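Undergrad: In the numbering used here, the protein residues as written are 38 to 460. The beta-carbon is built from N, C-alpha and C at its ideal position, and this holds for glycine as well. Remember, predicted model here, so these are calculated numbers, not experimental data. Handing you this structure, nothing more for now.
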Amino acid sequence: MPSVPPQDVANVWSALGQMLARSRKAAGYTQETFAPLVRYGRSTIANVETGRQRVGRDFWTRSDELLGTDGRLSREYDRIRLASNQHVRNGVAAIQEFQAAGAPSYSSKAGEMLARTSGSDYLMGEWNSFSTLTSMLAQQRQAVSPDALLGLIEAHRDCLSTLYRKAGRAPIRTDIGAMLAEASIVASRLWSAQGNRTLALAHCAYARQLGDRLGNHRVSATARIFESNLHSEAATLIEADGDIMIGLRLLDEAARASTALSPAARARLAAEQAQAFAALRLPREATAALKRAEEAVNDLSPVDCVGLYSDWSGARLHVYAGTCHLLLGQPHQAVTVLESAVQMLEHDHANVNVALAAAVDLAGAYAEVGELEQSCALLGHTYDQLKAGGNHRGIARAQRARQRLARWRDEPVVLELEEQMAA
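Shown next, in the form of structure tokens:
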């Protein structure tokens, strides 16, 4: 299989999903009977079969075993991943070519590429590598350590910044600027994961201002959505002094451009609003926002779930809904919803950080309903995973969740957890 350009990625995943559906039906399984055998929910099976959700290789190998497909599903999965990753390597090669030549040649190379550009053909060839790399790096931020990605995305961003400056009044300048803004948002997420809130905010603010100057409503709204998350500290689940009101104002500004946003972006926007309203103990507003998020999720198509929104699915919305219950002081409902979300995400290797956040919030919910041992065991296990992955923002979330155990601070199981998290 040759490399797969971004516009065709959704189609090949959808084709694999259709292969799964045909094999499942031929083996006599319904989605309901097949789902527990592969340790997923029915909605995940439905999403995978329509190409809306991507799952890890374990799912496909298990499906091959159950359906007697002689490894065809997992081999096709491997072929798609290999072909998709070829575009990342192309983009990396373009960046390395720029950097290896040094500053003078770097500027010259940028000028040559700009001079060769005409009309809308910039999405072909070398330009396509830049566009694809931005999207692919954004998608990998959930599954790969931020330390491993940060240098690459910053180098990519620097290349785009140089190209943007060299473009002058060229028609392509606006398109390069949009890619630069998106790369800045991806870098912001990685700086945030590393615990550097200042640089994370700076990158998002830069992207927002650039989007505004370019008149690109989609980019500026996306920057506001992610900047809001930083200001509110995910509605104070990460740090106690998050400013929810700044976050809500940014989300309100983003909502004004909702017609320019994809369903995945609208789902993220509404879910962030719901979480902020829940933190303020406004249940009616939180419920209405979750309803908007659900409507957007129902409109998702595979082509929407790419780049910064590659992690969007029904499972992701489950995490937000469960967290809202927790923030609204409804821990039993939170346990029910978050247990379902954790199960749905258990084998989703493309959304590791989402799964870990769900586990942290579930541990907090366990604490609120008095399930002390379950809370400590889950929080301790998840904390170790976050620490191993270098996810400092996730670690801060876990440390905030630990505070829910304060009333049992003298219990042996809590003392053991304290020692583990202090090590």
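Taking its Cβ as the centre, do 16 or more other Cβ atoms sit within 10 Å of residue 296, making it buried, or is it exposed?
TA: exposed
Undergrad: Taking residue 371 as the reference, give the member of 385, 447 and 397 with the closest Cα.
TA: 397
Undergrad: To the nearest angstrom, how far is the alpha carbon of residue 392 from that of residue 206?
TA: 45 Å
Undergrad: Helix, strand or coil for residue 89? Go by DSSP, reduced to three states.
TA: coil
Undergrad: Going by DSSP in three states, residue 222 sits in which element: helix, strand or coil?
TA: helix
Undergrad: Starting from residue 190, trace the alpha helix (DSSP H) both ways and give me its first and last residue.
TA: 183–203
Undergrad: For the alpha helix (DSSP H) that contains residue 440, what are its first and last residues?
TA: That residue, residue 440, is in no alpha helix (DSSP H); it is neither H nor E in DSSP.
Undergrad: By the 10 Å Cβ neighbour count, where 16 or more other Cβ atoms means buried, how is residue 443 classified, buried or exposed?
TA: exposed
Undergrad: If we call anything under 8 Å between Cβ atoms a contact, is residue 216 one with residue 197?
TA: yes
Undergrad: Assuming residue 289 is part of the alpha helix (DSSP H), what are its boundary residues?
TA: 281–292
Undergrad: For the candidate residues 326, 68, 279 and 112, whose alpha-carbon lies nearest to that of residue 358?
TA: Here the closest residue by C-alpha is 326.
Undergrad: Since residue 423 and residue 450 are thought to touch, with beta carbons under 8 Å apart, how far apart are those beta carbons, to the nearest angstrom?
TA: Residue 423 to residue 450, Cβ: 20 Å. No contact.
Undergrad: In whole angstroms, give me the CA-to-CA distance for residue 84 and residue 90.
TA: C-alpha separation (whole angstroms): 5 Å.
Undergrad: Are the CB atoms of residue 305 and residue 349 within a distance shorter than 8 Å?
TA: Taking 8 Å as the cut-off, the Cβ atoms of residue 349 and residue 305 count as close.
Undergrad: Considering only residues of the same chain and omitting the five flanking positions on each side of residue 144, which have a CB-CB separation below 6 Å?
TA: For residue 144, the pLDDT reaches just 45, beneath the cut-off of 50, and the residue's location in the model is therefore unreliable, although a value from the coordinates is still provided. Around residue 144: no qualifying Cβ.
Undergrad: Using 8 Å as the cut-off, can you tell me whether the region 330–348 makes contact with the region 364–379, which would need three or more C-beta pairs spanning the two stretches below that distance?
TA: no
Undergrad: Could you check how far apart the C-beta atoms of residue 200 and residue 190 are, in whole angstroms? I think they sit under 8 Å.
TA: Wrong, their Cβ atoms sit about 16 Å apart, outside the cutoff.
Undergrad: Can you list, in chain order, the residues of its chain whose CB lies under 8 Å from that of residue 107, leaving out five sequence neighbours each side?
TA: Closer than 8 Å at the Cβ level, and outside the excluded window around residue 107, lie 101.
Undergrad: Would you please state the rounded distance, in angstroms, between the beta carbons of residue 315 and residue 364? I believe it to be under 8 Å.
TA: In this structure residue 315 is in contact with residue 364, their Cβ atoms being roughly 4 Å apart against a cut-off of 8 Å.
Undergrad: Considering only C-alpha positions, which residue in the set 184, 81, 233 and 93 is nearest to residue 425?
TA: Among 184, 81, 233 and 93, the Cα nearest to that of residue 425 is on 184.
Undergrad: Using only alpha-carbon positions, find the residue among 266, 437 and 69 that is nearest to residue 289.
TA: 266
Undergrad: Please list, in chain order, all residues of the same chain as residue 347 whose beta carbon is under 6 Å from its beta carbon, the five residues on each side excluded.
TA: 176
Undergrad: Tell me whether residue 282 is buried or exposed, calling it buried when 16 or more other Cβ atoms sit within 10 Å of its Cβ.
TA: exposed
Undergrad: I think residue 225 touches residue 343, with their Cβ atoms under 8 Å apart; what is that distance to the nearest whole Å?
TA: With 8 Å as the limit, residue 225 and residue 343 do not qualify as a contact, their Cβ atoms being about 18 Å apart.
Undergrad: Provide the residue span of the alpha helix (DSSP H) that contains residue 262, from first to last.
TA: 254–268
Undergrad: Rounded to whole angstroms, how far is the Cβ of residue 264 from the Cβ of residue 245, which I believe are closer than 8 Å?
TA: 6 Å
Undergrad: Alpha carbon to alpha carbon, how far is residue 420 from residue 386?
TA: 18 Å
Undergrad: Using 8 Å for Cβ pairs, my map puts residue 377 next to residue 78. What's the rounded Cβ distance?
TA: Yes, they are in contact, since the Cβ atoms of residue 377 and residue 78 sit about 7 Å apart, within 8 Å.
Undergrad: For residue 395 versus residue 382, is the C-beta spacing smaller than 8 Å?
TA: yes
Undergrad: Please state whether DSSP places residue 142 in a helix, a strand or coil.
TA: A caution first: residue 142 carries a pLDDT of 44, below 50, which makes its placement in the model unreliable, though a value can still be read off. Note: residue 142 maps to helix in three-state DSSP.
Undergrad: With DSSP run on the structure shown, which of helix, strand or coil describes residue 385?
TA: coil
Undergrad: Give the DSSP-derived three-state secondary structure of residue 76 in the structure shown.
TA: coil
Undergrad: Does DSSP classify residue 97 as helix, strand or coil?
TA: helix
Undergrad: Hey, could you find the ends of the alpha helix (DSSP H) residue 352 is sitting in?
TA: 351–364
Undergrad: Using the Cα positions of residue 286 and residue 93, report the straight-line distance between them to the nearest angstrom.
TA: In this structure, the alpha-carbon of residue 286 lies about 37 Å from that of residue 93.
Undergrad: Which two residues bound the contiguous alpha helix (DSSP H) that contains residue 332?
TA: 320–335
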